[in-house]
Structure formats: structure tokens, C-alpha cells
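Note that UniProt numbering gives residue 169 to position 169 of the sequence shown, counting from 1, and the numbers run on in steps of one.
Ideal placement from N, C-alpha and C gives every residue a C-beta, glycine not left out.
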Amino acid sequence: MYEKDFVDFPGITVCNLDPFDTSKPQVLAYLKEKLAEKNLSSEIHATNEHPALFQVRYAMKALKASEMYDRDINKSFLDYEMGFKLEDMLVSCYFNGEKCDSSNFTKFYTFEYGNCFTYNKNDNEHKIHKTSRYGTNSGLTLELFTGFPGKQDLFLGKFFTLFLKQNDLSNFLLTVLTVTKRKLL
Numbered sequence: 001m002y003e004k005d006f007v008d009f010p011g012i013t014v015c016n017l018d019p020f021d022t023s024k025p026q027v028l029a030y031l032k033e034k035l036a037e038k039n040l041s042s043e044i045h046a047t048n049e050h051p052a053l054f055q056v057r058y059a060m061k062a063l064k065a066s067e068m069y070d071r072d073i074n075k076s077f078l079d080y081e082m083g084f085k086l087e088d089m090l091v092s093c094y095f096n097g098e099k100c101d102s103s104n105f106t107k108f109y110t111f112e113y114g115n116c117f118t119y120n121k122n123d124n125e126h127k128i129h130k131t132s133r134y135g136t137n138s139g140l141t142l143e144l145f146t147g148f149p150g151k152q153d154l155f156l157g158k159f160f161t162l163f164l165k166q167n168d169l170s171n172f173l174l175t176v177l178t179v180t181k182r183k184l185l
């Protein structure tokens with residue numbers, strides 16, 4: 001392969017669709033306290049007037065708004081992370097067959113998803129990775145831990161969203177993929 005055959009690999013952003021890591025007792029206590037302040041419960045009881053999906057969405061919006069408000073009022077609020085840390089989620093990482101780790105990612109926070117992590121971000125801290133190959137053994141291969149079912153899913157199942165961004169595009173066009181877990185045989 002010649003150097004001219006190499007192309008910039010896109011930036012890949014991973015976000016856990018559950019913005020709160022409820023395996024941490026202090027996070028769970030905070031969430032229950034904020035729900036109680038709004039006369040809500042972590043227990044969902046669906047009715048015709050208030051379907052379960054409506055209740056879940058309403059509770060999640062209330063929790064996200066509370067956390068955002070608390071962060072704005074007191075920047076040092078929450079000595080612990082409310083969301084998932086990449087070190088806890090990243091089981092394995094390979095780019096073109098070479099091992100990578102959490103230091104290859106850039107963290108940022110969004111109201112919608114909580115903590116998100118970008119691999120191959122086009123910034124001053126990271127060199128853009130290039131690739132000349134394609135297929136299942138090339139590019140970025142991630143194995144992610146999504147949490148324990150039934151223990152860490154206060155309102156949501158265990159899902160991730162992936163965003164792909166060409167590093168040379170200035171207008172941030174995205175291709176969005178949602179990946180769900182599957183049982184390996």
C-alpha cells in the first residue's frame with residue numbers, strides 16, 4: 001500500500017443512552033431524591049391517562065434538568081460522576097489491529113446522553129488516525145460493557161448511540177447508528 005492510499009478515519013462518538021450510572025449508590029440516592037422533589041417515583045405504574053412510555057420520558061427529562069441545574073448552580077456539585085466512565089465501559093479497543101485505550105478518546109457531556117466519548121477527534125490533542133483497509137478486521141473495533149440488566153436500568157435498557165463524523169467536514173454532518181446488545185452463541 002502506498003501512503004497516498006491512506007484516508008482519514010472518521011471520528012466515532014459513543015454515548016450510553018442511559019445518562020446515569022445507577023450502580024453507584026450516591027447516584028441512585030440523588031436520582032430518587034430529585035424524583036421525590038417533583039412528586040415522581042422510580043416505580044412506573046402505567047394507566048390509560050399516563051402510559052409507561054410517557055412516565056419514563058417525563059421522569060428522564062426531570063432528572064436531566066435537575067442535574068443540569070445543579071451543575072450550573074455549583075460547578076463543584078457532585079464529587080462523583082453521574083454518568084458512566086469510559087474506563088468502566090471499554091472492555092477492548094483496537095484500531096487496524098493495534099490496541100487502543102481510553103486515552104485515545106475525548107470526553108464531553110451532553111444534556112441528551114450524559115457522558116460521550118469521541119475516538120479520533122479532530123483537535124490539537126490527538127493525531128488523526130488514517131486507514132487504507134476496510135472490513136471486519138480493520139478500522140475501529142470496540143467491545144463495550146453496557147451495565148447489568150435489571151440493576152443499572154432505572155428507566156432505560158442498555159443501549160449505546162454511535163455518531164460518525166468525517167474529520168475534514170466543517171459542517172458536522174452525521175451518520176447515526178444505534179447498536180443494541182446481542183447474545184453470542
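**Report entry** At least 3 beta-carbon pairs within less than 8 Å: the stretch 17-29 vs the stretch 80-95
**Finding:** yes
Report task. Consult DSSP for Tyr-113 and reduce its assignment to one of helix, strand or coil. Result -> coil
Query raised in the report: Looking only at C-alpha atoms, which of Asp-123, Lys-64, Phe-95, Lys-121 sits nearest to Lys-32?
Result: Lys-64
Query raised in the report: Can you give the Cα-Cα distance for Phe-108 and Asn-115, rounded to whole angstroms?
Result: 6 Å
Report task. Decide yes or no for the touch test of the stretch 115-125 against the stretch 4-15: beta carbon pairs closer than 8 Å, at least 3 of them. Result -> yes
Requested in this report: Out of Asp-5, Asp-88, Glu-37, Ser-103, state which residue places its alpha-carbon closest to the alpha-carbon of Lys-127.
Outcome: Residue Ser-103 holds the alpha-carbon nearest to the alpha-carbon of Lys-127 among Asp-5, Asp-88, Glu-37, Ser-103.
Query raised in the report: How big is the Cα-Cα spacing for Leu-142 and Phe-6?
Result: 22 Å
**Report entry** Span separating the alpha-carbon of Asn-16 from that of Phe-145
**Finding:** Their backbone Cα atoms lie some 10 Å apart in a straight line.
Requested in this report: Name, in chain order, the residues that DSSP records as bridge partners for Val-7.
Outcome: Assignment of beta-bridge partners to Val-7 by DSSP yields Thr-131.
Query raised in the report: Under three-state DSSP, which class holds Lys-64?
Result: helix
Query raised in the report: Are the Cβ atoms of Thr-110 and Asp-123 separated by less than 8 Å?
Result: no
Report task. Give the C-beta separation of Val-27 and Ile-44 to the nearest angstrom, bearing in mind that I take them to be a contact with Cβ-Cβ under 8 Å. Result -> Actually they are not in contact, since the Cβ atoms of Val-27 and Ile-44 sit about 19 Å apart, beyond 8 Å.
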